[in-house]
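One structure below.
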Amino acid sequence: MTISRALLCCIAILVFYWANSVAAKSQKNVLEVLAVVDKPARERWTSLADGDAQFKEELYSTFVEVNEVFKTLSNHGVHLEIRVQDLLTPARNMMGKRSTGKVDADTAMRKLQKWVSRQGRDFDHVVVFIEAELKVGTRDPPYIISGYTMVNGTCEGYSVTIVKANYDYGTATTLTRLLAQSLMVDNDGQGKAAGCPADDGYVMTSSSQRNKSPNRWYFSLCSAEQFDSYIKQDDRRCLRETTAPSLASHKRFGEVVEANEVCKRHTGQPLVDGYEHDICEQLHCLDKIEGNTWYMSLVQTPEGISCGHRKKYDDDDDDDDDDDDDDDDDDDDDDDDDDAKIDQQGGVCQKSKIAKVV
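The sequence shown maps to residues -24 to -1, 1 to 334 in mature numbering (1 follows the signal peptide of the UniProt record, and there is no 0).
As structure tokens, then:
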């Protein structure tokens, strides 16, 4: 009888720890973000988006893309969601009068942390989009970075990430990495992630290592383990509480900004040579034409963008033909296409088309 009671006691203890382990694995954690768009960035973004409503939709779509990558952590039993608690668009230049040029990253961070501390708001993290370029160090020319983040300040009321707004899908890629770094996640192949080779091309690697990698939309196992360790800390309880709305009602970035517009924001020119077999990897954007030579820039393809089989660029087209894009014309004659118009019959670009599930 004594043995049976002891056995039952052991079983009860094992069940208790197993239940707690399962609960921890299934715990849905949420990083509530206050999104702030500095005045020059808002003016530029609104101009490119042709209006305030479109600007806001593109901003929320940027966070949708960030969230899609964070969702892949569930492959490793970790659940962390990004939500936008609020959006602020200050009426002044937060970086100062020179905020449209280059600003020192450390100086910018101190200014923003001071501003955040005065807000008295309940948020886990603040993301500030700026128009200015961020520079670090004192060398000439300065070393330019795409973003800057405060490490290990989540839930403290002053945790800030600064990101250079590029008004494209690349902004989401940069922001994803910055948010991970703010949560104490090392780059693959370094520090706590030394066991995950950078050459595997997961999120926490350099752009050259991620380029065309089937893993570029996923966090590695090392990243997932670091996330899991961080969010389980007692002083990160804010991640287990949320009042912010889900981003589920917002579209993917490629559904909001079509391929031609993506190219025009990069080079001022339209899409070229965008066939179905490669448009979901990279957009071929016209840079310039010199004689018979076409120069192109390769731009990362936004998720959700249309990927038809008929793409062309006709340098005889002009902006006056844009109204024809609204016509429901099913004619297969390529000459009727306008400015690399996408064939809507071809579906949309999704990571499943060229990426494996890990």
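C-beta atoms are modelled at their ideal positions from N, C-alpha and C, and glycine is treated no differently.
Lys208 (DSSP reduced to helix, strand or coil)
Here Lys208 sits in coil by DSSP.
CA-CA distance, Ala108 and Val79?
7 Å
Cβ contact (3+ pairs, closer than 8 Å) linking the stretch 115 to 129 and the stretch 29 to 49:
The way I'd put it, the stretch 115 to 129 doesn't touch the stretch 29 to 49; fewer than three beta-carbon pairs between them come closer than 8 Å.
In chain order, what residues of the same chain lie with their CB nearer than 6 Å to the CB of Lys47, ignoring the 5 residues before and after it?
none
Which residues DSSP lists as bridging Tyr271, in chain order:
Paired residue(s): Lys264.
By how many angstroms is the C-alpha of Met272 removed from the C-alpha of Cys325?
The alpha-carbon atoms of Cys325 and Met272 are separated by roughly 21 Å.
Measure the beta-carbon distance from Ala148 to Thr218 and round it to whole angstroms, keeping in mind my assumption that it falls under 8 Å.
Between Ala148 and Thr218, the beta carbon gap of about 21 Å keeps them out of contact (Cβ cut-off 8 Å).
Identity of the residues DSSP links to Ala11 by a beta bridge:
Leu63 and Val103
Assigned secondary structure, Asp175 (DSSP; H/G/I helix, E/B strand, else coil):
helix
Mind checking Lys90: buried by the 16 CB within 10 Å criterion, or exposed?
exposed
Name the two residues that bound the continuous alpha helix (DSSP H) containing Asp82.
Ala81 to Ser93
For Val275, which residues of its own chain have a beta-carbon under 7 Å away from its beta-carbon, when the five flanking residues on both sides are left out?
Val238, Cys239, His242, Gln258, Leu259 and Cys261
Count Cβ pairs between the stretch 9 to 24 and the stretch 55 to 72 that sit closer than 8 Å; are there 3 or more?
Three or more beta-carbon pairs separated by less than 8 Å link the stretch 9 to 24 to the stretch 55 to 72, which places the two stretches in contact.
For Arg18, which three-state DSSP category applies?
helix
Whose C-beta lies closer than 8 Å to the C-beta of Ala156 among residues of the same chain, with five residues either side of it excluded?
Val179, Met180, Phe195, Ser199 and Phe203
Let's see if you can read the secondary structure: which residues bound the beta strand (DSSP E) around Lys240?
Run containing Lys240: none in the beta strand (DSSP E); it sits in the alpha helix (DSSP H), Ala235 to Thr243.
Strictly by DSSP, which residues pair up with Ser282?
Val324
Between the alpha carbons of Asn187 and Gly177, how many angstroms are there, rounded?
8 Å
Reducing DSSP to helix, strand and coil, say where Thr149 ends up.
The three-state secondary structure of Thr149, taken from DSSP, is helix.
Residue span of the beta strand (DSSP E) that contains Thr125, given as start and end:
Gly123 to Thr125
Any 3 or more C-beta pairs closer than 8 Å across the stretch 4 to 11 and the stretch 218 to 234:
yes
Chain C beta carbons: is any one of them nearer than 8 Å to that of Pro117?
Absent from the structure: chain C. Only one protein chain is present.
Rounded to whole angstroms, what's the CA-CA distance from Leu197 to His52? Just pull it up for me.
7 Å
Thr137 lies in the beta strand (DSSP E); which residues open and close that run?
Segment Val136 to Lys140, the beta strand (DSSP E) holding Thr137.
Considering Val42, what are the terminal residues of the alpha helix (DSSP H) in which it resides?
Asp28 to Lys47
Given a cut-off of 8 Å on the beta-carbon distance, is the pair Phe229 and Gly146 in contact?
One thing to note: Phe229 has its Cβ no nearer than 8 Å to the Cβ of Gly146.
Determine the burial state of Gly129: buried for a count of at least 16 other Cβ atoms within 10 Å of its Cβ, exposed for fewer.
buried
Once you ignore the five residues that flank Gly323 on each side, which residues in its own chain have a CB closer than 7 Å to its CB?
Cys283
If you compare alpha carbons, which of Ile255, Gly165, Phe105 and Lys111 is closest to Asn236?
Ile255
Classify Val161 as helix, strand or coil using the three-state DSSP reduction.
The answer is coil: DSSP assigns Val161 none of H, G, I, E or B.
In whole angstroms, what separates the C-alpha of Thr152 from that of Val42?
5 Å
Identify, in the order they occur along the chain, each residue of the same chain with its Cβ nearer than 6 Å to the Cβ of Trp21, setting aside the five sequence neighbours on each side.
Phe31 and Tyr143
Hey, Gly99 and Ala141: beta-carbon distance below 8 Å or not?
Per the sequence shown, the amino acid found at residue 99 is Phe instead of Gly. Result no, Cβ atoms of Phe99 and Ala141 do not sit closer than 8 Å.
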